[in-house]
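For the sequence shown, counting from 1, position 119 maps to 396 in my numbering; every step adds exactly one. Quick reminder that beta carbons are idealized off the backbone N, C-alpha and C, glycines included. Quantities reported herein were computed from a predicted structural model and do not represent experimental measurements. All remarks here apply to the structure that follows.
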Amino acid sequence: MSVNYGSKRIVVGAHYGLRDWLSQRITGGLMALFTVILLAQMIFTRGPIGYDLWAGIFAAQWMKVLTFSVIVSLLYHVWVGMRDVWMDYVQPVGIRLVLQIFTIVWLVGCAGWAIQVLWKI
Numbered sequence: 278m279s280v281n282y283g284s285k286r287i288v289v290g291a292h293y294g295l296r297d298w299l300s301q302r303i304t305g306g307l308m309a310l311f312t313v314i315l316l317a318q319m320i321f322t323r324g325p326i327g328y329d330l331w332a333g334i335f336a337a338q339w340m341k342v343l344t345f346s347v348i349v350s351l352l353y354h355v356w357v358g359m360r361d362v363w364m365d366y367v368q369p370v371g372i373r374l375v376l377q378i379f380t381i382v383w384l385v386g387c388a389g390w391a392i393q394v395l396w397k398i
């Protein structure tokens with residue numbers, strides 16, 4: 278007599294698991310590194326914290342490149358997370374598609390705004 282507990286699991290979907298898990302860790306690590314660098318600059322800079330200090334921190338080209346990389350990482354990090362939330366919790370495909378499109382449009386708008394702010398300094 279064979280005992281069968283539960284049903285066989287049918288695996289469906291695009292199998293993004295490992296790639297998404299790894300991308301979340303890498304983008305999260307880059308954002309953490311950026312935070313440490315920014316905090317170090319704030320702690321070790323003398324004088325009042327004002328516009329001049331912030332403009333000075335982000336004026337260097339290497340800091341603009343690092344900040345741009347963090348913006349891209351943040352956008353991808355948010356996209357992967359929100360896409361997973363929509364896929365897991367919104368069952369009607371039409372509503373899920375609308376939410377995903379809204380998320381993409383919102384993130385592209387945020388990217389444009391962030392880049393505009395960054396390069397105006």
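Endpoints, alpha helix (DSSP H) assigned at residue i
{"i": "H367", "result": "Before going further, note that residue 367 is Val rather than His in the sequence given. Element bounds for V367: n/a, residue is neither H nor E."}
{"i": "A337", "result": "It is not in any alpha helix (DSSP H) - A337 carries neither H nor E in the DSSP assignment."}
{"i": "I303", "result": "G294 to I320"}
Close Cβ partners of residue i (< 6 Å) along its chain, the five nearest in sequence each way excluded
{"i": "R373", "result": "W363 and V367"}
Proximity below 8 Å, CB of residue i to CB of residue j
{"i": "F311", "j": "L352", "result": "no"}
{"i": "V347", "j": "M308", "result": "yes"}
{"i": "Q301", "j": "V355", "result": "no"}
Chain C contact for residue i (CB, 8 Å cutoff)
{"i": "V394", "result": "The question asks about chain C, but that chain is absent: this structure has only one protein chain."}
With 16 other Cβ atoms within 10 Å as the buried cut-off, status of residue i
{"i": "V394", "result": "exposed"}
{"i": "I378", "result": "exposed"}
{"i": "T322", "result": "exposed"}
Own chain, CB closer than 7 Å to residue i, minus 5 neighbours either side, in chain order
{"i": "M359", "result": "T380"}
Neighbourhood of residue i by C-beta, 8 Å cutoff - its chain only, sequence neighbours within 5 removed
{"i": "I392", "result": "F345 and I348"}
{"i": "L315", "result": "I334"}
{"i": "G371", "result": "none"}
For the stretch 379-387 and the stretch 320-331, state whether three or more C-beta atom pairs, one from each stretch, are separated by less than 8 Å. no
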